[in-house]
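With mature numbering (1 follows the signal peptide of the UniProt record, and there is no 0) as the guide, the letters of the sequence shown map in order to residues -17 to -1, 1 to 270. Beta carbons: idealized from backbone N, C-alpha and C, even for Gly. In this text the structure is predicted, and so the values were computed from the model without any measurement.
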Amino acid sequence: MRSVVWSLMTVAAVALAGCSNSSSPSSSAGADDGQAAKASAAATSVSGTITLRGDIKPSAQDQLVISLVDLTAQGSAPLATKTIAPATTFPLQFELDFNPANVATNDLYIVQAQLTDGDRHYNMPIQAPVLTQGHPTSNVAIELAPEQTPGEKQLAAFQTLQKQIGGLKVSSGTKLEPNVSRSWQVFRDGTEVKFIRELVDYGDKGFTKTDYAYKDGKPWVVEQQKKANQAAKPTSVDTAGWGDDGSLVLKTHEANGSTDTLSDSDAASLQQQSKEILGLATGGKGK
């Protein structure tokens, strides 16, 4: 009889132990979730490292703006913002302090970083989520990629046009002047002049090859190569381009393996040459 009683007590004890063990995982998960929420709520800063993609380096006039933004509540003010000027040393460490009372635990937060250096902008190809929903508050890795400047975009479009002139209607002309021999080809799309290539031989004073591109009858981009003679390699290449409003957006001077900024006066000279050859090649009609 006593052995039966002990057996029943043993079974009951095992059953109670099993119930206790089966409830522990959910309790543990709830505790972990609570700890994660507390950790997120307890955070008062977000930190990490910013790197730059590519070989382009910012100048001493650049400005870096870093912000902690609530992506869910679009249009709301950032939780934190920091401006660094200049930001010339990368990789760059950052830290954004914020008030944890302003954090909505169910919202999605990201770090936004933008570097501005004159006409060039660096932006984030990949978002950097932080703070909530299991995302980190430290060791946040951000990469900034350079975008083309307006001048670089214009130069790329000009170079595309250069490659396409073979498909345009072409006419040619020549003019002899004292000590100067001038020839040109005019490329039209329908009745509109899109491109003129001019070759000028100055004898012992050198040779120029100039490509002129036009938009709506106005100078758009000019690229002028200067050489000792027609067969020689260019000693310099000057390029200028103008926006729709007439502003100068492309101005480069290449010589001796380096590229510098073309002076405004030299750009104005190229623009005037562009107008003159358009008048000469079209008999003053401009088309």
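Please work out which residues of its chain come closer than 6 angstroms, Cβ to Cβ, to residue i, disregarding the five sequence neighbours upstream and downstream, and give them in chain order.
{"i": "Gln95", "result": "Ser50, Val52"}
{"i": "Ile148", "result": "Phe170, Phe178"}
{"i": "Ser166", "result": "Thr157, Leu182"}
{"i": "Ser190", "result": "Per the sequence presented here, residue 190 reads as Phe, with Ser not at that position. Counting only Cβ-Cβ distances below 6 angstroms, and skipping sequence neighbours, we find Asp184, Lys210, Asn212, Gln213."}
{"i": "Gly134", "result": "Val232, Leu233"}
{"i": "Ile109", "result": "none"}
{"i": "Gln131", "result": "none"}
Using the three-state DSSP reduction, which class does residue i fall into: helix, strand or coil?
{"i": "Phe81", "result": "coil"}
{"i": "Ala124", "result": "strand"}
{"i": "Lys177", "result": "strand"}
{"i": "Ser257", "result": "helix"}
{"i": "Lys210", "result": "strand"}
{"i": "Glu130", "result": "coil"}
{"i": "Thr235", "result": "strand"}
{"i": "Ala139", "result": "helix"}
{"i": "Ala87", "result": "coil"}
{"i": "Leu114", "result": "coil"}
{"i": "Leu245", "result": "coil"}
{"i": "Gly240", "result": "coil"}
{"i": "Gly262", "result": "helix"}
{"i": "Leu54", "result": "coil"}
{"i": "Ala60", "result": "coil"}
{"i": "Ser252", "result": "helix"}
{"i": "Ala215", "result": "coil"}
{"i": "Ala43", "result": "coil"}
{"i": "Ala25", "result": "helix"}
Leaving aside the five residues before and after residue i along the sequence, list all residues of the same chain whose C-beta is less than 7 angstroms from its C-beta, in chain order.
{"i": "Ile33", "result": "Phe73, Pro74, Leu75, Phe77, Ala96, Ile125, Leu127"}
{"i": "Ile39", "result": "Pro129"}
{"i": "His118", "result": "Pro112"}
{"i": "Pro83", "result": "Ala24, Ala25, Ala26, Thr27"}
{"i": "Gln208", "result": "Thr191, Lys192, Pro217, Val220"}
{"i": "Arg180", "result": "Trp167, Gln168, Asp194"}
{"i": "Asp100", "result": "Pro41, Ser42, Gln44, Asp45"}
{"i": "Leu253", "result": "Val205, Gln207, Asp221, Ala223"}
Roughly how many angstroms separate the alpha carbons of residue i and residue j, rounded to a whole number?
{"i": "Lys210", "j": "Ser246", "result": "20 angstroms"}
{"i": "Leu79", "j": "Gly150", "result": "56 angstroms"}
{"i": "Pro202", "j": "Asn212", "result": "26 angstroms"}
{"i": "Val183", "j": "Gln137", "result": "25 angstroms"}
{"i": "Gly224", "j": "Gln57", "result": "38 angstroms"}
{"i": "Lys192", "j": "Gln142", "result": "15 angstroms"}
{"i": "Pro61", "j": "Asn106", "result": "18 angstroms"}
{"i": "Glu175", "j": "Asp199", "result": "8 angstroms"}
{"i": "Phe81", "j": "Asp45", "result": "25 angstroms"}
{"i": "Ser257", "j": "Asp221", "result": "13 angstroms"}
{"i": "Gly226", "j": "Val86", "result": "45 angstroms"}
{"i": "Pro69", "j": "Leu91", "result": "30 angstroms"}
{"i": "Glu206", "j": "Ala63", "result": "47 angstroms"}
{"i": "Ala215", "j": "Asp249", "result": "23 angstroms"}
{"i": "Val204", "j": "Asp187", "result": "28 angstroms"}
{"i": "Asp102", "j": "Ile93", "result": "26 angstroms"}
{"i": "Gly269", "j": "Ile67", "result": "50 angstroms"}
{"i": "Asp243", "j": "Thr88", "result": "51 angstroms"}
{"i": "Val232", "j": "Leu144", "result": "18 angstroms"}
{"i": "Thr115", "j": "Tyr195", "result": "56 angstroms"}
{"i": "Ser154", "j": "Thr265", "result": "10 angstroms"}
Beta-carbon within less than 8 angstroms of residue i's beta-carbon, same chain only, minus the 5 sequence neighbours each way: which residues are those?
{"i": "Val123", "result": "Val29, Ser30, Gly31, Thr32, Val94, Ala111, Val113"}
Would you check if there are 3 or more beta carbon pairs closer than 8 angstroms linking the stretch 152 to 167 to the stretch 228 to 238?
Contact between the stretch 152 to 167 and the stretch 228 to 238 is absent, because fewer than three Cβ pairs lie under 8 angstroms.
Which complete beta strand (DSSP E) runs does the stretch 146 to 208 hold, if anything under 3 residues is left out?
152 to 160, 163 to 172, 175 to 184, 190 to 198
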